[in-house]
Each structure stands twice: as structure tokens, then as C-alpha cells.
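Numbering (this note's numbering), first residue to last: 114 to 217. What follows is a short report on a single structure.
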């Protein structure tokens with residue numbers, strides 16, 4: 114859901130899927146880890162290798178662009194706008210803390 118909806122972050126849903134698949138189905142867990150789009154992302158995160166710097170920068174920029182568009186054009190309530198920016202700050206801090214992975 115987070116891939117297609119700008120307000121929802123993608124990472125928690127991917128990690129939750131990986132965790133649940135690892136507990137419920139070896140077949141689906143294997144499929145997820147070998148997925149050409151998400152597999153490397155999950156493996157690097159769970160093995161604490163981190164993200165390549167270019168992906169980190171792109172992710173943070175995309176996060177702030179989508180949160181800003183959502184807050185300024187689609188959300189009317191002030192408290193919800195503030196909540197969106199608090200979430201964006203928390204996710205940004207989390208992404209900055211993750212180590213930079215140097216691709217070989």
C-alpha cells in the first residue's frame with residue numbers, strides 16, 4: 114500500500130510482509146526475498162547493511178515531496194498536517210540513522 118499511497122510509508126509494510134511471510138509460508142518468504150524490486154531492499158535492511166547513499170537521498174526527497182503535496186493540497190485539518198510533518202521528520206531521522214551501504 115505504501116508504494117502507491119503517498120501518505121503511507123513503504124518500508125514498514127515491506128518489512129512487515131517479510132516478517133509475516135517468514136512465519137507463515139516459506140514459499141512466499143522466498144519469493145519476497147528473491148523479488149527483483151524488493152528483495153535486495155529487504156535483505157540489506159535485515160542484515161543491517163543499510164542503503165546506498167543515492168537511494169537514501171532519493172527516498173528522503175520523495176518522502177518530503179509526497180508529504181508536502183499531501184499536507185498542502187489534500188489535507189484540510191491543521192492537526193493532521195502537523196501529524197504528517199511529524200511522521201516525515203521521524204522517518205527522515207530513521208533513514209539518516211541507517212548506515213550507508215557501499216555497493217560493489
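Each residue gets a CB set at the ideal place from its N, CA and C atoms; glycine is no exception. Quantities reported herein were computed from a predicted structural model and do not represent experimental measurements.
**OP:** Taking 8 Å as the cut-off, decide whether the C-beta atoms of residue 154 and residue 127 are in contact.
**Re:** yes
Subject >> Reduced DSSP secondary structure (H/G/I, E/B, other) of residue 187 >> reply: helix
Subject >> residue 164 (DSSP reduced to helix, strand or coil) >> reply: strand
Subject >> Beta-carbon contacts of residue 146 that lie in its chain and below 7 Å, excluding the five residues immediately before and after >> reply: 152, 155 and 156
**OP:** Determine the burial state of residue 203: buried for a count of at least 16 other Cβ atoms within 10 Å of its Cβ, exposed for fewer.
**Re:** exposed
Subject >> Beta-bridge pairing of residue 209 - partner residues as DSSP gives them >> reply: BP columns for residue 209 are empty, so no partner.
Original post:
Would you say residue 148 reaches chain D, if we count a Cβ-Cβ gap shorter than 8 Å as a contact?
Top reply: This model lacks chain D altogether, as it is built from one protein chain only.
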